[in-house]
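Novice:
In the working numbering, the protein residues as written are 111 to 515.
Right under this line is the structure:
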């Protein structure tokens, strides 16, 4: 039964067998655990190599943050909603439905031609996009852009046009069925180019600070509380986390509109959306002490917290409820986790393999998404089993439509 200790450390607990983690990732865990500011590290079952800090790690620091322990896609996370539709409502040919989604929501490096007019989505907007009266309102949020780092001020228009866009890599939009054949909508994305730029700016700032000059890995550079560098990072970080949440919320509203229009005869209803970051920083009590907790490829799983843990295109995903396990700093995995790099996946598999492994899913089946093939990821069922003391499964989903960038 997990957790287990990482050999040679006294502050790392893992929900994965050490022998199944890449040696380079184990080295990263040892390095960050040894930093003088690190109180403890918790390792999720989807752990794998990342930049500076592993993906699938939760790090509690006293008065310090390593920007690499958040990652470059600040605020990346999941959004999902249960609909009133069932499998019987879906058409046999799902290709046109996928096309409608791709026409409405830019993917890859694309942006909207003009900022999304939220007024046309009234009635479908999550609370994060509205004022106290339920009306579309983003002006206070956008007013905060002027306070961001001077280096990103040129990106104001681009950030506007990318709000409500998917991106590429492991980001996706899916239509799924649960074990009762109910239809769910689910998507995964983050803070797009603006979040990436802000992350890189502050990582570079941290690397130049005197206290970071003797680190075993320059990407482990930390910012310290009470310094202007930390204040600037925390300010930009919080804005980027909010941007990511709004980006997903706009996409979800666009997706809900597509479904409502496409299935008007069914008078589609939507439940309360589930939303969760998995690359972020939060102030939390750990072992009774205030800490800055970074989750990089991990979700908060406090008692009753709802979360989404996706597999890969062609495998199952899970809707979960947190159990509030303090041993994991009340955290759980963010997905299945990769077993090989994107480069290795492209060398290992063929398009024919992709077609076979995504059978039954309406999706791209070409070389452009070969690095996202299910075989490049861990077994999501084993990942869920390893953390049964962290979350309980509420629903098991299988995708029938998957949109990738």
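Note that the Cβ used here is the ideal one computed from N, Cα and C, for glycine as well.
For residue 126, does the three-state DSSP call read helix, strand or coil?
Specialist: In this structure, residue 126 counts as coil in the three-state DSSP scheme.
Novice: For a test of the three-state rule: what should DSSP assign to residue 484, helix, strand or coil?
Specialist: Residue 484 falls in the helix class under three-state DSSP.
Novice: Grab me the residues of residue 494's own chain with a C-beta within less than 6 Å of its C-beta, minus the 5 sequence neighbours each way, in chain order.
Specialist: The answer, listed in chain order, is 428.
Novice: Looking at residue 294: is its Cβ nearer than 8 Å to the Cβ of residue 364?
Specialist: Result no, Cβ atoms of residue 294 and residue 364 do not sit closer than 8 Å.
Novice: At what residues does the beta strand (DSSP E) containing residue 281 begin and finish?
Specialist: Taken as a continuous stretch (DSSP letters only), residue 281 belongs to no beta strand (DSSP E), as it is neither H nor E.
Novice: With respect to the beta strand (DSSP E) encompassing residue 443, which residues constitute its N-terminal and C-terminal limits?
Specialist: Start and end: 441-443.
Novice: Have a look at residue 476 and residue 222 and give me their C-alpha separation to the nearest angstrom.
Specialist: The alpha-carbon atoms of residue 476 and residue 222 are separated by roughly 24 Å.
Novice: Given a cut-off of 8 Å, decide if residue 407 and residue 165 are closer than it, judged by their beta-carbon atoms.
Specialist: The answer is yes: Cβ separation under 8 Å.
Novice: Is it buried or exposed, residue 237, if we count other Cβ atoms within 10 angstroms and call 16 or more buried?
Specialist: It counts as exposed.
Novice: For residue 500 versus residue 411, is the C-beta spacing smaller than 8 Å?
Specialist: In contact: residue 500 and residue 411 (Cβ atoms closer than 8 Å).
Novice: Within 10 angstroms of its Cβ, does residue 329 collect 16 or more other Cβ (buried), or is it exposed?
Specialist: When all chains shown are included, residue 329 counts as buried.
Novice: For residue 511, tell me which candidate among 373, 342, 287, 419 has the shortest Cα-Cα distance.
Specialist: Nearest of 373, 342, 287, 419 to residue 511, Cα basis: 287.
Novice: Going along the chain, which residues of its own chain have a beta-carbon closer than 6 Å to the beta-carbon of residue 353, five neighbours each way excluded?
Specialist: Excluding sequence neighbours, residue 353 sits near 301.
Novice: The alpha helix (DSSP H) that contains residue 465, what's its start and end?
Specialist: From DSSP, the alpha helix (DSSP H) with residue 465 extends over 461-467.
Novice: Roughly how many whole angstroms lie between the Cα atoms of residue 351 and residue 454?
Specialist: When rounded, the distance between both Cα atoms is 31 Å.
Novice: Please return the same chain residues whose Cβ sits closer than 6 Å to the Cβ of residue 265, not counting the five positions on each side in sequence.
Specialist: Excluding positions up to five away in sequence, the list reads 304.
Novice: Between the stretch 322-341 and the stretch 456-470, do at least 3 Cβ pairs fall closer than 8 Å?
Specialist: No: fewer than three Cβ pairs fall under 8 Å.
Novice: For the stretch 337-410, list the beta strand (DSSP E) runs that are entirely contained and at least 3 residues long, ordered along the chain.
Specialist: Complete beta strand (DSSP E) runs here, min 3: 384-387, 389-396, 399-406, 408-410.
Novice: When DSSP labels each residue in this structure, what does residue 323 get in the three-state scheme?
Specialist: If DSSP states are grouped into helix, strand and coil, residue 323 belongs with coil.
Novice: Mind the definition here: the stretch 426-445 touches the stretch 272-279 only if three or more C-beta pairs lie below 8 Å; say whether that holds.
Specialist: Counting Cβ pairs under 8 Å, fewer than three are found: no touch.
Novice: Check whether the stretch 411-426 and the stretch 210-220 are in contact - that is, three or more C-beta pairs closer than 8 Å.
Specialist: Flag = no, the stretch 411-426 and the stretch 210-220 do not touch.
Novice: Under a three-way DSSP split, which group does residue 315 fall into?
Specialist: Looking at residue 315 - three-state DSSP - the assignment turns out to be helix.
Novice: Tell me whether residue 477 sits in a helix, a strand or coil according to DSSP, three-state version.
Specialist: Correct three-state label for residue 477: helix.
Novice: The alpha helix (DSSP H) spanning residue 494 covers which residue range?
Specialist: 490-496 is the extent of the alpha helix (DSSP H) around residue 494.
Novice: So is residue 112 buried or exposed if we call it buried at 16+ other beta carbons inside 10 Å?
Specialist: Per the 10 Å Cβ criterion, buried.
Novice: Under the rule that 16 or more other beta-carbon atoms within 10 Å means buried, what is residue 261, buried or exposed?
Specialist: Its Cβ having fewer than 16 others within 10 Å, residue 261 is exposed.
Novice: For a quick check, are the C-beta atoms of residue 483 and residue 459 less than 8 Å apart?
Specialist: Yes, the pair counts as a contact, with Cβ atoms nearer than the cut-off.
Novice: From the DSSP output, in three-state form, read off residue 83 for me.
Specialist: As shown, the chain starts at 111 and ends at 515. That puts residue 83 outside it, with no answer to give.
Novice: Could you give the first and the last residue of the continuous beta strand (DSSP E) run that contains residue 156?
Specialist: From DSSP, the beta strand (DSSP E) with residue 156 extends over 148-158.
Novice: Got a sec? Which residues, its chain only, sit under 7 Å from residue 170 by beta carbon, not counting five neighbours each side?
Specialist: The answer, listed in chain order, is 149, 150, 396, 401, 403, 439.
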